[in-house]
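Undergrad: Below you'll find the structure I mean.
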């Protein structure tokens, strides 16, 4: 017999008591895993939804603040379109959702002074909420000599199927549903078409950048700003859209804080339950401990027995707790987060380590009580 | 040899043992007889190194027990003494053979050796067929025989028995005492505490204890 056999036999032959011990730690670990897993899904969903507020970084010419509403033909300062490629080549480019260059030009169309924006396909990625008759924009996105009208721009121009810009005819591919943004008053054409029409070859007025990682552990929005700034020449200014960024970071941070608080509370609860379990285990086994002390068990061995038991409970509780927590989050998560929840395998080692640490720490005081038991007193109890 | 020298044990104002002195030679079989509350279990606990006396000294084979550190005393007890208590003597979730293995495990013997010795000892007390039974599956008499085997596991030279027949019927009690007597003839020193005069008769020498005083 070895210490581990001694402990395993006790647990194996008192299965219900062992199960009670495991359930103490399992409760804490499963809620911890469920909270973390659901939080991850919530985080992803929140991030996706928050991106809908628009670009979170704007790149514009350095000395001339751009104001889309006062654009006059041939007026505003521009940047080379090649800067788009420089931004796409930054180290963390994988975290960029869209890099959307824009060229603005005003045109008189009938009695309407229309602000026309030259855009690339990235505009669609940056604005997944653009809809036509509640359907996502697909084939309607303008190509060549086509134009897509904002909601009120379309209303002003009536049911025109074609419009003329600087003498050139553009086919109207559709009218966007109301967005509640400045887009409602604009018309959208392909960037290169507008560049050709205005003679601003390969030039843009600004570049909007959307990142997927606003408050990731490794990168936040301001890190992206610095990285883009370093990649571009001095004539470009990189500006974080602070209000959006702060709101986004604040929301995501709050979700994370909430989960952390829940996790800490349940892990404390788990360790409290475990300490209680171990203490009652010492009380129930007083006579047995008395016999062992009388026949020569040393205090160090008593510690070893209790800590080994805590180790087994911790490892088993951590493994089952991970499985139960993942299952709970996969079943209940979609109801809470309204999004599919996937298991986070990286949590498994954390669950086992945290569970084992809690069990061991919670067992130290009860083990000490057992080791200091007076065998004469304990043997008197029958 | 066990030498108990002028032992006094008090709890507050109550003197449980009063200037008790006793000598048990190697191979002797001594019974301490007395009514409940006379101090006989206290005396046995003091001799075992489990209960520090208020005054006096216990010397076993030349070693003064209470001059040893707690750890040294525990190790000494493990090597010298085998214990048999009244009942509920065994660890309930361990089988007969595993119960006998415990002192060997505590002494650091290898698992294989533990099994071999435990098997041999249970064979010696007639429980060859009951190795894998839990205490709850054994009769009280069988449980006490497992306790004897456990007491002998570390080659103990002294058996300390505290009312070992207290919960046995007369016939089983006598069988048990016959077994103890046989071990004594093989050279094991026995110190028995009992209130049962018939069981005390198995000893070579009887010492009475009344109100904490030893009376020969």
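Chains as they are written, first to last, in my numbering: chain A, -16 to 365; chain B, 26 to 241. For glycine and all other residues, C-beta sits at the position ideal for the given N, C-alpha and C. Small disclaimer: the values here were computed from a predicted structure and weren't measured.
Going along the chain, which residues of the region 67 to 87 of chain B sit with their C-beta nearer than 9 Å to a C-beta in chain A?
TA: Cβ contacts with chain A: 67, 70, 73, 75 and 76.
Undergrad: Please compile the residues from chain B whose C-beta is within a distance smaller than 8 Å of the C-beta of residue -8 of chain A.
TA: Residue -8 of chain A sits at position 9 when you count from the first residue of the first chain. Neighbours of residue -8 of chain A on chain B, chain order: 118, 119 and 123.
Undergrad: For a cutoff of 8 Å on Cβ pairs, would you count residue 99 of chain B as touching chain A?
TA: For this step, residue 99 of chain B is matched to residue 74 along the second chain. Yes, contact with chain A.
Undergrad: Count the other C-beta atoms from every protein chain shown that fall within 10 angstroms of the C-beta of residue 259 of chain A, then say buried if there are 16 or more, exposed otherwise.
TA: Position 276 of the first chain holds residue 259 of chain A. Its Cβ having fewer than 16 others within 10 Å, residue 259 of chain A is exposed.
Undergrad: Within 10 angstroms of its Cβ, does residue 141 of chain B collect 16 or more other Cβ (buried), or is it exposed?
TA: Counting from one through the second chain, the residue named residue 141 of chain B turns up at place 116. When all chains shown are included, residue 141 of chain B counts as exposed.
Undergrad: Counting along the chain, where does the beta strand (DSSP E) carrying residue 96 of chain A start and finish?
TA: Here residue 96 of chain A corresponds to residue number 113 of the first chain, with the count starting at 1. Per DSSP, residue 96 of chain A belongs to the beta strand (DSSP E) from 95 to 102.
Undergrad: Write down the C-beta distance between residue 188 of chain A and residue 86 of chain A rounded to the nearest angstrom, noting that I regard them as a contact closer than 8 Å.
TA: If you number the first chain from 1, residue 188 of chain A lands on position 205. If you number the first chain from 1, residue 86 of chain A lands on position 103. Yes, residue 188 of chain A and residue 86 of chain A are in contact; Cβ-Cβ is about 5 Å, under 8 Å.
Undergrad: Closest Cβ-Cβ distance between residue 269 of chain A and chain B: below 8 Å?
TA: On the first chain, residue 269 of chain A is found 286 positions in, with the first residue counted as 1. Any Cβ of chain B closer than 8 Å to the Cβ of residue 269 of chain A would place that residue at the interface, and such an atom is absent.
Undergrad: Using a cut-off of 8 Å between C-beta atoms, extract the partners of residue 281 of chain A located in chain B.
TA: Walking along the first chain from the start, residue 281 of chain A turns up at place 298. Chain B residues near residue 281 of chain A: 96, 99, 100 and 131.
Undergrad: Pull up the distance between the alpha-carbon of residue 145 of chain A and that of residue 152 of chain A, whole angstroms please.
TA: The residue given as residue 145 of chain A occupies position 162 in the first chain. The residue given as residue 152 of chain A occupies position 169 in the first chain. Approximately 7 Å between the Cα atoms of the pair.
Undergrad: In terms of DSSP beta bridges, what is residue 27 of chain B paired with?
TA: Position 2 of the second chain, counted from the first residue, corresponds to residue 27 of chain B. B/49 and B/85.
Undergrad: With 8 Å set as the bound, which would you pick, yes or no: does the beta-carbon of residue 265 of chain A sit closer than that to a beta-carbon of chain B?
TA: Here the question's residue 265 of chain A lines up with position 282 in the first chain. No, residue 265 of chain A lies away from the interface with chain B (no Cβ there is under 8 Å from its Cβ).
Undergrad: Here's the rule I'm using: 16 or more other beta-carbon atoms within 10 Å means buried, otherwise exposed. How should residue 205 of chain A be labelled?
TA: Walking along the first chain from the start, residue 205 of chain A turns up at place 222. By the 10 Å Cβ count, residue 205 of chain A comes out exposed.
Undergrad: Going along chain B in order, which residues have a C-beta closer than 8 Å to the C-beta of residue 261 of chain A?
TA: Counted from its first residue, the first chain places residue 261 of chain A at position 278. Within 8 Å Cβ-Cβ: nothing; residue 261 of chain A doesn't reach chain B, min ~17 Å.
Undergrad: Do residue 9 of chain A and residue 327 of chain A count as a contact pair if the criterion is CB distance below 8 Å?
TA: In the first chain, the residue the question calls residue 327 of chain A occupies position 344. In the first chain, the residue the question calls residue 9 of chain A occupies position 26. Taking 8 Å as the Cβ cut-off, residue 327 of chain A and residue 9 of chain A do not qualify as a contacting pair.
Undergrad: Please state whether the Cβ-Cβ distance between residue 109 of chain A and residue 193 of chain A is less than 8 Å.
TA: Here residue 109 of chain A corresponds to residue number 126 of the first chain, with the count starting at 1. Here residue 193 of chain A corresponds to residue number 210 of the first chain, with the count starting at 1. Yes, the Cβ-Cβ distance between residue 109 of chain A and residue 193 of chain A is below 8 Å.
Undergrad: Measuring only between beta-carbons, confirm whether residue 169 of chain B sits less than 8 Å from chain A.
TA: The sequence position of residue 169 of chain B within the second chain is 144, counting from 1. Chain A contact via Cβ: absent.
Undergrad: Under the rule that 16 or more other beta-carbon atoms within 10 Å means buried, what is residue -1 of chain A, buried or exposed?
TA: Sequence index remark: in the first chain, residue -1 of chain A carries index 16 (1-based). Classification of residue -1 of chain A: exposed, given that the 10 Å Cβ count is below 16.
Undergrad: Using 8 Å as the limit for Cβ to Cβ distance, is residue 277 of chain A near chain B?
TA: Within the first chain, residue 277 of chain A is the residue found at index 294, counting from 1. Yes, because at least one Cβ of chain B sits closer than 8 Å to the Cβ of residue 277 of chain A.
Undergrad: If the cut is a Cβ gap below 8 Å, which residues of chain B does residue 284 of chain A touch?
TA: Taking the first residue of the first chain as position 1, residue 284 of chain A is located at position 301. Within chain B, the residues near residue 284 of chain A are 131.
Undergrad: Among all the DSSP beta bridges, which residues are the ones paired with residue 90 of chain A?
TA: What you label residue 90 of chain A is simply residue 107 of the first chain in a count that begins at 1. Paired residues: A/97.
Undergrad: Which ranges does the alpha helix (DSSP H) cover as unbroken runs of at least 4 residues, wholly within the region 170 to 233 of chain B, from first to last along the chain?
TA: 195 to 210 and 222 to 225
Undergrad: Just how far apart, CA to CA, sit residue 59 of chain A and residue 23 of chain A?
TA: Walking along the first chain from the start, residue 59 of chain A turns up at place 76. Walking along the first chain from the start, residue 23 of chain A turns up at place 40. So the two alpha carbons sit approximately 43 Å from each other.
Undergrad: Have a look at residue 344 of chain A and residue 237 of chain B and give me their C-alpha separation to the nearest angstrom.
TA: For the purposes of this step, residue 344 of chain A is taken as the residue at position 361 of the first chain. For the purposes of this step, residue 237 of chain B is taken as the residue at position 212 of the second chain. When rounded, the distance between both Cα atoms is 45 Å.
Undergrad: Report the start-end ranges of each alpha helix (DSSP H) in the region 220 to 272 of chain A that is 4 residues or longer and not cut off at the edges.
TA: 225 to 267
Undergrad: Could you compute how far the alpha carbon of residue 155 of chain A sits from the alpha carbon of residue 65 of chain A?
TA: As a working note, residue 155 of chain A is residue 172 in the first chain. As a working note, residue 65 of chain A is residue 82 in the first chain. Distance between the alpha carbons of residue 155 of chain A and residue 65 of chain A: 29 Å.
Undergrad: Whole angstroms are fine: how far does the CA of residue 222 of chain A sit from the CA of residue 236 of chain A?
TA: As a working mapping, residue 236 of chain A is identified with position 253 in the first chain. As a working mapping, residue 222 of chain A is identified with position 239 in the first chain. Their Cα atoms are separated by approximately 22 Å.
Undergrad: In the DSSP assignment, find the unbroken beta strand (DSSP E) run with residue 334 of chain A in it and report its ends.
TA: For the purposes of this step, residue 334 of chain A is taken as the residue at position 351 of the first chain. Careful: residue 334 of chain A lies outside any beta strand (DSSP E), inside the alpha helix (DSSP H) at 330 to 354.
Undergrad: Beta carbon of residue 5 of chain A, beta carbon of residue 300 of chain A: below 8 Å?
TA: One-based indexing of the first chain puts residue 5 of chain A at position 22. One-based indexing of the first chain puts residue 300 of chain A at position 317. Going by C-beta atoms, residue 5 of chain A is nearer than 8 Å to residue 300 of chain A.
Undergrad: May I have the straight-line CA-CA distance separating residue -4 of chain A from residue 159 of chain B, to the nearest angstrom?
TA: Position 13 of the first chain, counted from the first residue, corresponds to residue -4 of chain A. Position 134 of the second chain, counted from the first residue, corresponds to residue 159 of chain B. Their Cα atoms are separated by approximately 10 Å.
Undergrad: Can you give the beta carbon distance from residue 71 of chain B to residue 83 of chain B, rounded, assuming they're within the 8 Å contact cut?
TA: Position 46 of the second chain, counted from the first residue, corresponds to residue 71 of chain B. Position 58 of the second chain, counted from the first residue, corresponds to residue 83 of chain B. At roughly 6 Å, the Cβ-Cβ gap stays under 8 Å, so residue 71 of chain B and residue 83 of chain B are in contact.
Undergrad: Taking 8 Å as the cut-off, decide whether the C-beta atoms of residue 130 of chain B and residue -16 of chain A are in contact.
TA: Here residue 130 of chain B is taken as the residue at index 105 of the second chain, counted from 1. Here residue -16 of chain A is taken as the residue at index 1 of the first chain, counted from 1. Yes, Cβ-Cβ distance for residue 130 of chain B and residue -16 of chain A is below 8 Å.
Undergrad: Quick one: does residue 359 of chain A have its CB under 8 Å from some CB of chain B?
TA: In the first chain, counting from the first residue as 1, residue 359 of chain A sits at position 376. Yes, residue 359 of chain A counts as interfacial toward chain B.
Undergrad: Would you mind sorting residue 335 of chain A into buried or exposed? The rule is 16 or more other CB atoms within 10 Å of its CB.
TA: On the first chain, position 352 is the one that residue 335 of chain A refers to. Counting of Cβ neighbours within 10 angstroms places residue 335 of chain A among the buried residues, the total reaching 16 or more.
Undergrad: State whether the region 253 to 271 of chain A contacts the region 209 to 218 of chain A, with contact taken as three or more CB pairs (one from each stretch) at a distance under 8 Å.
TA: no
Undergrad: Note down the Cα distance separating residue -9 of chain A from residue 289 of chain A, rounded to an integer number of angstroms.
TA: Residue -9 of chain A sits at position 8 when you count from the first residue of the first chain. Residue 289 of chain A sits at position 306 when you count from the first residue of the first chain. Going from the Cα of residue -9 of chain A to the Cα of residue 289 of chain A covers about 11 Å.
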